[in-house]
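Data first, discussion second: the structure below is written as structure tokens.
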């Protein structure tokens, strides 16, 4: 299975490339192909030091979409609309959104678009044959890249298509100690996305770092 | 410290009475005093079997408010407005809301009132000198009464007054293995309340029961 990462040179994107490329063919996308190639080189070196093999290719965001079976949108909420406006070819793809619309004042709040969630907004921007799936929303960005540490968290997955949901849950369960949970249809993604500002508040007000969540 | 439970004869209220009365003076309130007295008798017997002492008193909801330092609103969201409309005397009290506005269709959604959350709505209904604090929102109702089981969960606490917040967090930390986390001001309670429909969806779609949450 080929996993394309749009925004694959950002913090979360690079961390996802590190965690996923030992198990899947990972296609790292960037606005500038040269940056994607550089990120892949860095990831390969990091994984080699750990004695791990990987499958990585650095390309443009557009090619990452074109080549992949599953496309992960590893971009901040504010970049979603401008990025999707430059890309085509999402027909028949599974599109994974870990995107959380968050605002910060003296604390963090959930600030969804009029569609109700980033996930529903993204669904509205893509062709009907694309299947949007919310996943990986609540994992601290820093943790993705810390290969020495297990990702021991629960991951809520929302999607309207059972087949696509199962595929994404399988990917989740293949990353470190992540455990995927079916959290219902895509319309329920808002209450998954909104856990992230809660975790950021917990971290901020209790002097903690990189707080994650487990369903127990 | 005296803890009054408005709605103390409901499932969560009775469970809270069981868990809190070995450590605090608990005043169980009900619309009908006779029901509150009966609940206290049942709780006393249950705790006696476990060899535990307790301090319990069954009264009306109004007297539970009047006598308590901390008042817990252990009532469903739909009962909040009619119940608060019948009660007075909240001046200078700490009022704890574990209330979650939830709707159910084929899945559970967060359905807050125009104020943004049950917590903010409750704050608007009470006198200014009352201090509203959101806590205990994400604990499965059934678990409160299962004394054989530890409550091994995280509890997010939102409040605008640091002193009141510390008092409530201390109460939380005195119940089983609950661990309190400062989750910011009361305005941030919406993203605490909305975790509950997520946990209900996780339970429903993964054939689990009484799912709770831990911040890790």
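Residue numbers (the working numbering), protein chains in the order written: chain A, 1 to 216; chain B, 1001 to 1216. Every residue gets a Cβ at the ideal spot worked out from N, C-alpha and C, and that includes glycine.
**OP:** Mind the definition here: the region 45-55 of chain A touches the region 20-28 of chain A only if three or more C-beta pairs lie below 8 Å; say whether that holds.
**Re:** yes
Subject >> 8 Å CB neighbourhood of residue 1109 of chain B in its chain, flanking five on each side removed >> reply: 1102, 1103 and 1197
Subject >> residue 106 of chain A versus residue 1035 of chain B: straight-line alpha-carbon distance, rounded >> reply: 45 Å
Subject >> Straight-line gap, residue 31 of chain A to residue 93 of chain A (C-alpha atoms, nearest Å) >> reply: 20 Å
Original post:
So, using beta-carbon positions, are residue 1140 of chain B and residue 1058 of chain B closer together than 7 Å?
Top reply: no
Original post:
Under the three-state reduction of DSSP, which class applies to residue 1169 of chain B: helix, strand or coil?
Top reply: helix
Original post:
Quick one: is residue 27 of chain A near chain B, going by C-beta distance under 7 Å?
Top reply: no
Subject >> Selected residue, minimal CA-CA separation from residue 161 of chain A, among A:129, A:191 and A:144 >> reply: A:129
**OP:** Between the Cα of residue 7 of chain A and those of A:89, A:150, A:77 and A:210, spot the shortest distance and give me the residue it belongs to.
**Re:** A:77
**OP:** Check the Cβ of residue 212 of chain A against every Cβ in chain B and list those closer than 7 Å, keeping chain order.
**Re:** 1216
Original post:
chain B beta carbons: is any one of them nearer than 7 Å to that of residue 107 of chain A?
Top reply: yes
Subject >> Limits of the unbroken alpha helix (DSSP H) element including residue 1125 of chain B >> reply: 1118-1125
**OP:** Look at the Cβ atom of residue 1068 of chain B, then the Cβ atom of residue 1003 of chain B, and state whether they are nearer than 7 Å.
**Re:** yes
Subject >> chain A contact residues for residue 1198 of chain B, given Cβ-Cβ distances below 8 Å >> reply: 156, 183, 188, 191, 192 and 195
Original post:
Using the rule of at least 16 other Cβ atoms within 10 Å of the residue's Cβ for burial, across every protein chain shown, is residue 184 of chain A buried or exposed?
Top reply: buried
Original post:
Smallest Cα separation from residue 1151 of chain B: which of B:1132, B:1137 and B:1178?
Top reply: B:1178
Original post:
To which residues does DSSP link residue 108 of chain A through a beta bridge?
Top reply: A:104
Subject >> Closest Cα partner of residue 1090 of chain B within the set B:1208, B:1132 and B:1209 >> reply: B:1132
**OP:** On a CA-only basis, which of B:1157, B:1182, B:1015 and B:1041 is nearest residue 208 of chain A? Give me that one, please.
**Re:** B:1182
**OP:** Hey, could you find the ends of the beta strand (DSSP E) residue 1004 of chain B is sitting in?
**Re:** 1002-1006
**OP:** Give the interface partners of residue 1202 of chain B over in chain A, defined as CB-CB distance under 9 Å, in chain order.
**Re:** 154, 156, 181, 182, 183, 184 and 215
Original post:
Of all the options B:1117, B:1167, B:1165 and B:1126, which has the alpha carbon lying nearest to the alpha carbon of residue 1086 of chain B?
Top reply: B:1126
Subject >> Contact belief for residue 1072 of chain B with residue 1138 of chain B at Cβ below 8 Å, rounded distance in angstroms >> reply: The pair is not a contact, with the Cβ atoms about 15 Å apart (cut-off 8 Å).
Original post:
Cβ of residue 192 of chain A within 7 Å of Cβ of residue 172 of chain A?
Top reply: no
Original post:
By the criterion of Cβ-Cβ separation under 9 Å, what are the contact partners of residue 206 of chain A in chain B?
Top reply: 1181, 1182, 1183 and 1215
Original post:
Near residue 1046 of chain B, which residues of its chain fall below 8 Å by C-beta distance, leaving aside the five closest residues on each side in sequence?
Top reply: 1018 and 1147
Subject >> Distance, residue 98 of chain A Cα to residue 199 of chain A Cα >> reply: 15 Å
Original post:
Taking 7 Å as the CB-CB limit, is residue 110 of chain A close to chain B?
Top reply: yes
Subject >> DSSP-derived helix/strand/coil call for residue 16 of chain A >> reply: helix
Original post:
With 16 as the cutoff for other CB atoms within 10 Å, does residue 1112 of chain B come out buried or exposed?
Top reply: buried
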